[in-house]
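The opening residue of the sequence shown carries number 161 in this note's numbering; numbering runs sequentially from there. Ideal Cβ placement from N, Cα and C applies to all residues, glycine included. See below for the structure under consideration.
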Amino acid sequence: MLTSKQKKHIKSLLSQMTIEEKIGQLNHVAPTVIGAFDVDAMYAKLQSGEISCEQWDALCATATPYKREDMIKKGLVSSYAVVGRQETLRLQKIAVEQSRLGIPIIFSRDVIHGYRTGTPTPLAESCAWNPSLWKQTARMAAQEATSDGVTMTYSPMVDVAKDARWGRIAECAGEDTLLNAMYGKAKVEGYQNGDPSQPSSLAACAKHFAAYGFVEGGRDYNRVQISEERLREEVLPSFKACVDAGVLAIMPSFNDINGIPASVNKWLLTDVLRTEWGFGGLTISDSGAIGECVAHGVCADKKDAAKQALVAGMDMDMSSDSYIAHLKELVESGELDIEYIDRAVENVLRVKAEMGLFDDPYRLSLADENPFGKDEYRQLAKFAAIQSMVLLENDGVLPLKQTDKVAIVGKYADNNEIIKGTWSLDVRNDECVSIASGLVAKNRNCKLFADVNDAAKSDADVVVVVLGEWYLDSGEAASKTDITFSADQQSDLVVALNSGKKVVALLVNGRPMVLGEATKANAVVECWQCGVESGNAVADLLYGDADFSAKLTVTIPNATGECPCYYDRPATGRPASSFYFTSKYIDCSYEHKYCFGYGLSYTQFVYSDIAASKTNDAFVVSAKVTNVGNKSGREIVQCYYGDPVASRTRPVKKLVDFCSVTLASDESQTVSFKVPFDKLGFFVGSKYVVEQGDFVLSIGGNSNSLLQIKVKL
Ligand code: BGC
């Protein structure tokens with residue numbers, strides 16, 4: 161909330177601003193962008209062949225620092241993608257002390273899962289089902305990033321994604337809506353820390369609004385056809401949760417939604433976001449996305465795109481130069497009402513005020529602090545990695561015995577880059593602990609083998625095979641038609657499996673993969689890409705110094721052709737079964753390989769005694785959870801509901817709540833969940849309805865193994 165003094169300041173600024181300065185406040189530049197006017201002129205030369213690509217690159221490189229400073233002096237840069245304590249301070253001083261109105265700049269960065277201390281990718285970390293952890297790692301990222309001059313992160317990414325072909329599934333909290341909503345809320349709270357004006361608070365930007373996870377065929381930047389009902393039930397809630405948590409910015413997505421690109425989608429950016437939800441922050445386009453509306457075929461040229469985007473409710477143009485190049489002429493020719501510009505500028509200035517930039521533009525109190533890689537940060541990164549890795553199979557080979565002779569193989573086994581994961585711009589390879597180095601440091605009976613054949617012939621008792629997906633093979637623009645591990649790695653695996661030794665398969669990948677032969681190993685661990693402490697976390701888990709507790713937040717398919725696959729699928733008239741004429745593929749099991757919510761630990765939990773009661777506004781459902789193994793352990797208890805008869809087809813089950821319990825061996829606890837009636841409804845168009853009748857509530861340790869009880873509303 162702004163004070164009346166801050167509000168007055170914004171009004172006064174607005175009244176003094178020239179149209180160029182106003183448009184400058186709507187302009188985000190990246191380091192390689194050197195200002196629209198020169199870009200256009202040089203680009204024309206490039207296109208006409210007057211200059212070569214190499215000359216163009218050279219011009220950009222040499223012109224950048226001067227042009228950038230010049231633009232800042234003229235008040236033409238509002239937000240800038242650059243990091244570094246000294247550099248951001250230098251540029252901020254130019255903005256504040258040398259531009260006419262002294263409006264500070266936002267320094268933004270993709271701080272997606274840790275800044276310097278890289279933590280698990282979002283998909284990995286979601287498997288911890290732990291909002292307090294999600295918040296803590298966001299806080300740590302904010303502390304590191306702000307000390308390096310960053311003031312806004314383009315995170316959290318809360319695109320519900322159900323298709324593992326889409327590389328960006330690695331950037332979200334998986335296939336479930338509730339998990340993405342809780343993850344988004346926790347991240348916003350962690351970054352912004354309840355008061356975005358504090359020097360170590362990082363403004364958050366929830367992205368990509370909306371439905372980017374539903375791109376057709378899992379192909380990045382592709383079209384999205386989705387009903388309003390599905391959009392409202394599955395896609396929008398995670399963004400609404402971020403808005404409710406006070407997120408300062410929203411980034412609309414690249415894709416179109418039913419034919420209208422999000423960047424020019426008034427229904428989405430104004431009617432839903434502002435009018436329905438009351439969002440008071442800033443909308444910033446995805447990189448180049450406003451200009452791309454020309455290629456989408458809904459805008460005649462960048463001028464038209466600038467007009468349509470601004471009118472729809474897009475406040476800031478990231479790197480397409482459409483606003484800076486065309487808004488002035490649009491106003492002067494009478495094609496655009498200046499009020500649209502004023503509206504957007506006010507949103508930008510308000511967010512800058514909320515970020516405390518007018519009062520404390522230099523964040524000098526952080527100047528001497530250089531907390532990168534603090535011990536406590538490394539420990540948190542390790543804890544996060546431990547909580548994120550999912551044990552998929554174990555016949556008892558794990559935990560390893562201290563005396564086991566262990567051979568480690570695989571081309572990525574000692575690779576300290578792959579474990580960083582996608583979007584790890586500021587993580588340093590030499591600060592990352594590879595899987596092999598973590599294991600070797602843990603136990604001197606672990607030995608790295610360059611050739612799996614040597615390992616197979618050695619005296620090792622256990623072969624640990626690391627199977628990886630290169631870290632840039634998931635994330636943006638990394639869609640795939642084949643989500644199996646590379647052929648060379650698979651043949652290494654087969655050698656290990658045929659060696660007669662025990663085999664532990666460690667999977668180091670960003671997206672869910674098809675596991676193939678790997679499931680024949682004696683133990684299989686989905687290690688994901690868990691950041692700087694990956695190797696140490698694996699070592700602790702494999703030797704039993706820490707226990708597994710993570711559970712999958714995505715379904716793992718048997719084959720790529722099953723994608724998209726997900727647990728909350730709507731009921732069909734012919735549910736998949738062994739009967740021929742049912743909804744399945746004839747060349748693949750009708751059950752996916754591992755279901756949503758699945759994960760093992762070193763102990764076992766048994767569920768019993770489900771019971772339900774009803775209050776005025778909610779059902780209360782409970783079950784007893786008993787640790788029947790001989791070790792203590794943490795269990796993620798999941799609560800689902802189903803609506804077997806409704807006026808619309810409903811998902812066969814839907815996660816409605818979860819919690820975690822830590823139980824000693826033989827210990828039991830009754831866990832109960834309150835399920836408000838208003839959580840049991842669905843949309844008909846834009847109208848939310850809750851229908852009376854029977855519901856099924858269920859509790860269990862994964863989405864396929866549940867105790868059920870029927871209740872009536
Ligand atoms: C991505 C965004 C990212 C932006 C800025 C885009 O290509 O889609 O997720 O925040 O670049 O780096």
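Item	Value
Return yes when the C-beta of Glu636 is under 8 Å from any heavy atom of the ligand BGC, and no when it is not.	yes
Please determine whether the Cβ atom of Asp586 lies at a distance below 8 Å from any heavy atom of the ligand BGC.	no
Could you tell me whether the Cβ atoms of Thr277 and Ala301 are closer together than 9 Å?	yes
Would you tell me roughly how many angstroms separate the C-alpha atoms of Ser479 and Asn575, rounded to the nearest one?	34 Å
Would you call the CB atoms of Glu331 and Gly635 closer than 9 Å?	yes
With three or more beta-carbon pairs closer than 8 Å as the criterion, would you say the region 631-648 touches the region 664-683?	yes
Shorter than 8 Å, the distance from the beta carbon of Phe414 to the closest heavy atom of the ligand BGC, or not?	yes
Could you tell me if the beta carbon of Tyr314 falls within a distance shorter than 8 Å of some heavy atom in the ligand BGC?	yes
My parser needs the alpha helix (DSSP H) runs of 4 or more residues fully inside the region 301-383; what are they?	337-352
Under the assumption that Gly853 contacts Val805 (Cβ atoms under 8 Å), give the Cβ distance between them as a whole number of angstroms.	6 Å
At 4 residues or longer, what runs of the alpha helix (DSSP H) sit wholly inside the region 408-459?	452-456
Whose C-beta lies closer than 7 Å to the C-beta of Ser398 among residues of the same chain, with five residues either side of it excluded?	Val318, Val320, Thr337, Asn340, Ala341 and Gly344
Please say whether Ser858 and Cys799 have beta carbons closer to each other than 9 Å?	yes
I need the DSSP call for Cys755, collapsed to helix, strand or coil.	coil
I'd like to know whether the C-beta atoms of Leu657 and Ala681 end up nearer to each other than 9 Å.	yes
My understanding is that Phe842 touches Arg810, with C-beta atoms under 8 Å, so please give their C-beta distance in whole angstroms.	7 Å
If we ignore side chains and look at the alpha-carbon of each, how far apart do Gly377 and Ser807 end up?	29 Å
Could you spell out where the alpha helix (DSSP H) holding Arg538 opens and where it closes?	Asp535 to Ser548
Between Thr163, Glu335 and Asp270, which has its C-alpha nearest Ala284's C-alpha?	Glu335
Taking the alpha-carbon of Glu851 as reference, which of Val812, Val458 and Asp838 has the nearest alpha-carbon?	Asp838
Tell me the rounded alpha-carbon separation between Ala288 and Leu627.	22 Å
If you measure from the CB of Met673, is any heavy atom of the ligand ADP nearer than 8 Å?	Of the ligands one can find in the structure shown, namely the ligand BGC, none is the ligand ADP.
Roughly how many angstroms separate the alpha carbons of Phe609 and Gln689, rounded to a whole number?	22 Å
Around the Cβ of Thr178, are there at least 16 other Cβ atoms within 10 angstroms (buried) or fewer (exposed)?	exposed
At a cut-off of 8 Å, is His273 close to the ligand BGC when judged by its beta-carbon and the heavy atoms of the ligand?	no
From what residue to what residue does the alpha helix (DSSP H) around Glu180 run?	Ile179 to Gly184
Between Gly373, Ala772, Ile716 and Val766, which has its C-alpha nearest Cys755's C-alpha?	Ile716
Are Gly695 and Lys580 touching if we call contact CB-CB under 9 Å?	no
Within the continuous beta strand (DSSP E) that includes Ile578, where are the two ends?	Looking at the DSSP string, Ile578 is not in any beta strand (DSSP E), and its letter there is neither H nor E.
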